[in-house]
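Working notes, structure below.
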Amino acid sequence: MGGVILYGKNVADAMENELRDDAAALARRGVTPTLAIIRIGERGGDMAYERGAMKRCDLIGVNVRRFVLPPDVLESELLGVTDKINRDDEIHGCLIFRPLPKGINESRICNSLAPEKDVDGITEESLYGVFTGFGHGYPPCTAQACIEILTHYGIDIAGKKAVVIGRSLVIGKPVAMMLLGKNATVTICHSKTEDPAEQCRAADIVVVAAGRAGLADARFINPGGVVIDVGVNVDDNGHICGDVRKEDAERAKAYSPVPGGVGAVTTSVLVKHVIDAARKAQPDTPGRP
Ligand code: NAP
15 MGGVILYGKN VADAMENELR DDAAALARRG VTPTLAIIRI GERGGDMAYE RGAMKRCDLI
75 GVNVRRFVLP PDVLESELLG VTDKINRDDE IHGCLIFRPL PKGINESRIC NSLAPEKDVD
135 GITEESLYGV FTGFGHGYPP CTAQACIEIL THYGIDIAGK KAVVIGRSLV IGKPVAMMLL
195 GKNATVTICH SKTEDPAEQC RAADIVVVAA GRAGLADARF INPGGVVIDV GVNVDDNGHI
255 CGDVRKEDAE RAKAYSPVPG GVGAVTTSVL VKHVIDAARK AQPDTPGRP
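If you read the sequence shown in my numbering, its first letter stands for residue 15, the second for the next number, and so on.
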């Protein structure tokens, strides 16, 4: 018994080789792909993600410029930072840690970023692109990481029944649209869905992104299906865990674990977007915005 484990590290390693070559090709043209990170304060989760992103960028040959601001930063100051990043031709992508402090209009800040530098899908124009298949910008990295895992492990999406638990703009809705774009038949479940377990049991692919430890229990698992767990929670012993308990996930044909699944791929997707943005920003690139 026990499902195949879809480790994120294998996906990240495979992406890394390709991304190194892409970054080297840009370097030969005198371009160093560069990511700006805007972080406010010192939240543990943000700092851990930032460290991981910086390490991944360093391994691949992407430069990082950090803009660290105090928790009492003013909205006008933040707008000044995004404006500076938008104008700087040597910065190709920008990551902004959220949520922003209370009193700051998050939507205004997100949308102040130039869509072509929006490597984490936070502007309306990027989301428009995810929903329509047109436009500038990139999908949110976590949503794309789910697709990268399915693709890397050769899991068929076209024609399959996919269920996404969660409908946030960060994960649930974009990943549902991306699965639809790959010709899955998609159902989105949320906190008001009457019997999410019944939907999931009948699905070939289940993406769980609710942020509730143990939410998708044994009743949700199709023994012939694949489970991608996106949830990040802290259990009673202070350990990181997903939305699906290991003993339940193991009942599926294959599953991506937490930790060690989607999270391990997210920073590789971020780097991929920065390199792509750097390439598109070059004057001789066809179709340059
Ligand atoms: P969110 O904004 O809180 O959204 C959670 C979604 O889950 C909502 O749509 C909610 O439904 C739904 N939900 C909550 N309880 C449910 C239930 N009992 N049954 C069915 N649906 C339920 O969270 P998020 O930002 O999308 O993040 C989701 C999870 O992914 C979190 O654990 C987060 O930490 C994790 N995450 C992981 C990564 C990574 O790289 N691995 C990155 C970002 C986030 P309603 O809309 O009805 O409220």
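C-beta atoms are modelled at their ideal positions from N, C-alpha and C, and glycine is treated no differently.
What you are looking at is a predicted structure, and each value in this text was computed from that prediction instead of being measured.
| query | result |
| --- | --- |
| Nearest-angstrom Cα separation, counted from Asp243 out to Gly256 | 6 Å |
| As assigned by DSSP and simplified to three states, the class of Val288 | helix |
| In chain order, each alpha helix (DSSP H) run of at least 4 residues that lies wholly inside the stretch 41-129 | 58-74, 89-101, 120-125 |
| Sequence-distant residues of the same chain with beta carbon closer than 7 Å to Val283, five excluded per side | Cys155, Gln158, Ala159, Glu162 |
| Ala291 beta carbon less than 9 Å from that of Gly75 | no |
| Buried or exposed by the 16-neighbour rule on C-beta atoms within 10 Å, applied to Leu88 | exposed |
| Three or more C-beta pairs below 8 Å linking the stretch 193-211 and the stretch 166-184 | yes |
| For Glu56 and Ala227, the rounded distance between their alpha carbons | 25 Å |
| Environment of Thr146 [buried if 16+ CB atoms lie within 10 Å] | exposed |
| Limits of the unbroken beta strand (DSSP E) element including Tyr21 | Note, Tyr21: premise wrong, no beta strand (DSSP E); not H, not E. |
| Sequence-distant residues of its chain with Cβ nearer than 7 Å to Ala217 (five each side left out) | Lys175, Ala176, Val177, Asn236, Gly239 |
| Every unbroken beta strand (DSSP E) within the stretch 121-187, with a cutoff of 3 residues, ordered by chain | 175-179 |
| DSSP-derived helix/strand/coil call for Asn247 | strand |
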